[in-house]
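Residue numbers (the numbering used here): 1199 to 1882.
C-beta atoms are modelled at their ideal positions from N, C-alpha and C, and glycine is treated no differently.
Since the structure is predicted, the reported quantities are computational estimates derived from the model, not experimental observations.
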Amino acid sequence: MFLKCLRPDKVTNAMQDFVANNLGQKFIEPQTADLHLVFRDSSAITPLIFVLSVGTDPAADLYKFAEEMKFSKRLNTISLGQGQGPRAEAMMRAAMEKGQWVFFQNCHLSPSWMPTLERLVEQVDPDHGPRAEAMMRAAMEKGQWVFFQNCHLSPSWMPTLERLVEQVDPDHVHKDFRLWLTSMPSPQFPVMILQNGSKMTVEPPRGIKANLLRSYITLNDDFLTSCTGKTDEFKHLLFSLCLFHAVLLERRKFGPLGFNIPYEFTDGDLRICMSQLRMFLMEYTEIAYKVLKYTAGEINYGGRVTDDWDRRCVMNILDDFYAAKVLDSNFCYDQSQIYHQLPPTSEHQAYLAYVRGLPINDTPEIFGLHDNANITFAQNETYRTMKDLLDLQPKTATAGENRDLAIEKLANDVLSRVPKPISLALVMEKYPVMYEQSMNTVLTQEIIRYNKLLNVIHTSLQELLKAMKGLVVLSQALEEMSKSLFNNAVPIMWSKAAYPSLKPLASWVADLIQRVEFVQGWVDNGIPNIFWISGFFFPQAFLTGTLQNFARKHVISIDSVSFGFQVLKQSMKELTAAPADGCYIRGLFVEGARWDNATHVLGESRAKELFTDMPVIWLQPEQNRQVPTSGIYMCPVYKTLTRAGTLSTTGHSTNFVFTIEIPSSKTQQYWIKRGVALICALNY
């Protein structure tokens, strides 16, 4: 607790040291599952259960183990899901008879057979289901293995699976029969199977070291030397590919600085890239880097990437790993020279020894990120750990009267502070729709949106206060609202009518008041000289209105107009008038970098300075403008720090606003890997 108060970013490291000193180093080292040990303790009547975590898949390990045990042709696999239950039952019955293995994946995903709704679903395709049961029965007879995946997806079929396991009689089941199951933690999973089975937890490897070890432990010397005539190049590019895979996986832990969306890249993506790398090296005389980058970045890994800015990031990272420079045996991937190529004569054991010698905790440098990214990640991890520990503590009842008084006081306070809706009729009279001034329409639309939100807030708070006095019924929605107010969270009914925001309730209310004051100031004093872009409900409409004004003023097509950008040296006080064309905007924050006022370019963040204010920017509409090819960074602007939102038809997140060209003395790739973006609103 003392360390958490002083350095919350170091709590996780201290916990690792504590575990290593008291339990041993092996408890903090990455572990690989040894299926031989698990299998040795199993029997035909003992299910083997993989308890999954997000981003894990033990299927490849089991397939390899089945080959080693000469059971690859006697392993029956099914990934459970809707309509797969009866098929799994048939598969299991057959396997019990024949002594086969049955592998049921994702048991948590299987639909239920018992509730009426699930029975209706079964009737849609009654013939699709019995295969799993038949598979298991056949495997029991023939002494085969059965592998049921995703058991958590089939909660209704769990009673049937439990009944099948209960029917496993050692006197009538082939001794070679094995039932393998994978499932996420699920309350529907049969307790009897859990109690009688052998359980293995499967967690994704954490860190570059663990991911590299997972990749290389499945390889051997035969594979490393399988690329005849280009063995050295294959070894170097293979290591580079595995490191690229590890970097992509680990960038997710940094949140939006890593990727806008945390993609579930899998071992299958890496394996297909390995196969293609070997194939292209053998087929082409020269190393086809362009082909390798396209297949890996745009298809294998890029096929999972739905956000255009994330795809840009993946391709730029890949440029560092699929390049001629990595063929140098002395090449280092970071300035600290921790991650480097091995001599071409290195065998499989040498690679494993090198990987096992890597540090457990990675520095952000290998990911192309600033050290501040590690601080953010470590703090978030500490807060998550502490929250989990608090959730495990016994809950104690609090005085209901004190709680109600606190909620009532807060509701009255918010009600008194939040402004009343703005008179739309007066605004439309003062700012009528005009062809030459699109900003009048923008203002009207903003007021309509804000008025809707303000009405929801005032109405709901008044209803809540009445309910607390017993004047009206306390509905479920009002009950949820009271819980949110007590927890300093924005009620769901408010956020549904509001703009995207990550702020807690107190900050959210203060921000809302500022936004309404900005709009009211516009109404009272006319079009502002500098627009607070963060104060718009829908900033894209404001940007379009600015372009429309320019196009109509100069009588040109709006399709030929786009923004140029100029970061101004003048302060807000010095800008006493609006520009002749375009507009001035303020209120943006830089994440992942900072604006250097001395050099007037994008610069490195200062230590522990996670966000910095951006100066006033002049948006200058221009006709047929050519985008500069150098000296700038194409910086995305987002509404909130999450950056992610619903994917729109443009390929961008709905959180995305537009792109600003920021002057830079470094390459685009440098800032792309840094995850630099402009943010309209922070989370405090």
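Helix, strand or coil at residue 1397 according to DSSP, with G and I counted as helix: If DSSP states are grouped into helix, strand and coil, residue 1397 belongs with the strands.
For residue 1338, which of 1288, 1381 and 1305 has the nearest alpha-carbon? Distance from the Cα of residue 1338 is smallest, within the candidate group 1288, 1381 and 1305, for 1288.
Cβ atoms of residue 1369 and residue 1297: under 9 Å apart, would you say? Cβ distance not < 9 Å, so residue 1297 and residue 1369 don't count as in contact.
Would you report the Cα separation of residue 1247 and residue 1436, rounded to the nearest angstrom? Between residue 1247 and residue 1436, the alpha-carbon positions lie close to 33 Å from each other.
Buried versus exposed call for residue 1350 [16 or more other C-beta atoms within 10 Å across all chains shown]: It is buried - the Cβ of residue 1350 has at least 16 other Cβ atoms within 10 Å.
Local conformation of residue 1511 per DSSP, three classes: The three-state secondary structure of residue 1511, taken from DSSP, is helix.
Cβ neighbours of residue 1695 in the same chain (closer than 7 Å, five flanking residues each side left out): Closer than 7 Å at the Cβ level, and outside the excluded window around residue 1695, lie 1650, 1651 and 1654.
Please determine if the stretch 1855-1874 and the stretch 1787-1801 are in contact, where contact requires at least 3 C-beta pairs separated by less than 8 Å. Yes, the stretch 1855-1874 touches the stretch 1787-1801.
Output the distance between the C-alpha atoms of residue 1322 and residue 1344, rounded to the nearest integer angstrom. Bear in mind that the predicted position of residue 1322 carries a pLDDT of just 26, short of 50, making it too unreliable to give a figure here.
Which residues bound the beta strand (DSSP E) around residue 1563? Neither: residue 1563 is in no beta strand (DSSP E) and is coded neither H nor E.
Quick one: what's residue 1858 bridged to in DSSP? For residue 1858, which the question treats as bridged, DSSP gives the partners 1833.
Do you know offhand how far residue 1517's Cα is from residue 1534's? Those two C-alpha atoms are separated by around 20 Å.
Using a threshold of 9 Å, state whether the C-beta atoms of residue 1817 and residue 1744 are closer than that. In this structure, residue 1817 places its C-beta atom within 9 Å of the C-beta atom of residue 1744.
Residues bridged to residue 1305 [DSSP beta-bridge criterion]: As DSSP reads the structure, residue 1305 sits in a beta bridge with 1349.
Check whether the stretch 1446-1458 touches the stretch 1541-1551, taking contact to mean three or more Cβ pairs, one atom from each stretch, closer than 8 Å. With fewer than three CB-CB distances shorter than 8 Å, the stretch 1446-1458 does not count as touching the stretch 1541-1551.
Counting beta carbon pairs with one atom in the stretch 1460-1476 and one in the stretch 1571-1582, are three or more of them shorter than 8 Å? Segments in contact, no.
Can you name, in chain order, every residue of its own chain whose Cβ lies under 7 Å from the Cβ of residue 1485, other than the five neighbours on each side? Closer than 7 Å at the Cβ level, and outside the excluded window around residue 1485, lie 1431 and 1479.
DSSP three-state call for residue 1789: helix, strand or coil? The answer is strand: DSSP assigns residue 1789 an E or B state.
Are the CB atoms of residue 1520 and residue 1564 nearer to each other than 9 Å? Cβ distance not < 9 Å, so residue 1520 and residue 1564 don't count as in contact.
Reducing DSSP to helix, strand and coil, say where residue 1243 ends up. For residue 1243, the three-state secondary structure derived from DSSP is coil.
Closer than 8 Å by C-beta to residue 1391: which residues in its own chain qualify, once you throw out the five before and the five after it? Chain order, please. Cβ neighbours of residue 1391 beyond the five flanking positions: 1245, 1247, 1359, 1360, 1363 and 1379.
Helix, strand or coil at residue 1463 according to DSSP, with G and I counted as helix: Three-state result, residue 1463: coil.
Find the nearest neighbour of residue 1795 within the set 1760, 1827, 1832 and 1861, judged by alpha-carbon distance. The residue among 1760, 1827, 1832 and 1861 with its C-alpha nearest the C-alpha of residue 1795 is 1861.
Would DSSP call residue 1210 helix, strand or coil? Secondary structure of residue 1210 (DSSP, three-state): helix.
Which term fits residue 1424, buried or exposed, when burial requires 16 or more other beta carbons within 10 angstroms of its beta carbon? Residue burial is scored here from C-beta neighbours: residue 1424 has fewer than 16 other C-beta atoms within 10 angstroms and is therefore classed as exposed.
Report the residue from 1502, 1537 and 1336 whose alpha carbon sits nearest the alpha carbon of residue 1556. Ranking the options by Cα distance to residue 1556, first place goes to 1537.
I believe residue 1413 touches residue 1443 by the beta-carbon criterion, under 8 Å. Please report the beta-carbon distance rounded to the nearest angstrom. 7 Å between Cβ atoms; contact.
How long is the line joining the alpha carbons of residue 1422 and residue 1335, rounded to whole angstroms? Approximately 41 Å between the Cα atoms of the pair.
For residue 1820, report the span of its beta strand (DSSP E) as first-last. Counting along the chain, the beta strand (DSSP E) containing residue 1820 begins and ends at 1815-1821.
How long is the line joining the alpha carbons of residue 1731 and residue 1834, rounded to whole angstroms? About 14 Å.
Would you tell me roughly how many angstroms separate the C-alpha atoms of residue 1211 and residue 1292, rounded to the nearest one? Taking the Cα positions, residue 1211 is about 50 Å away from residue 1292.
Who are the near neighbours of residue 1823 in its chain, counting only those whose CB is closer than 7 Å to its CB and skipping five residues on each side? Only 1760 and 1762 meet the Cβ criterion.
Under 8 Å Cβ to Cβ from residue 1727, same chain only, skipping five residues before and after it: list those, please. If we look at residue 1727 and ignore the five residues flanking it on each side, its Cβ neighbours are 1773, 1774, 1775, 1776 and 1782.
Among residues of its own chain, excluding the 5 on either side of residue 1270, which ones have a beta-carbon nearer than 6 Å to its beta-carbon? 1264, listed in sequence order.
Quick check on the DSSP output: what are the complete alpha helix (DSSP H) runs of length 4 or more inside the stretch 1640-1685, in order along the chain? You should have 1674-1684.
Measure the C-alpha to C-alpha separation of residue 1382 and residue 1404 and round it to an integer number of angstroms. A straight-line Cα-Cα distance of about 19 Å links residue 1382 and residue 1404.
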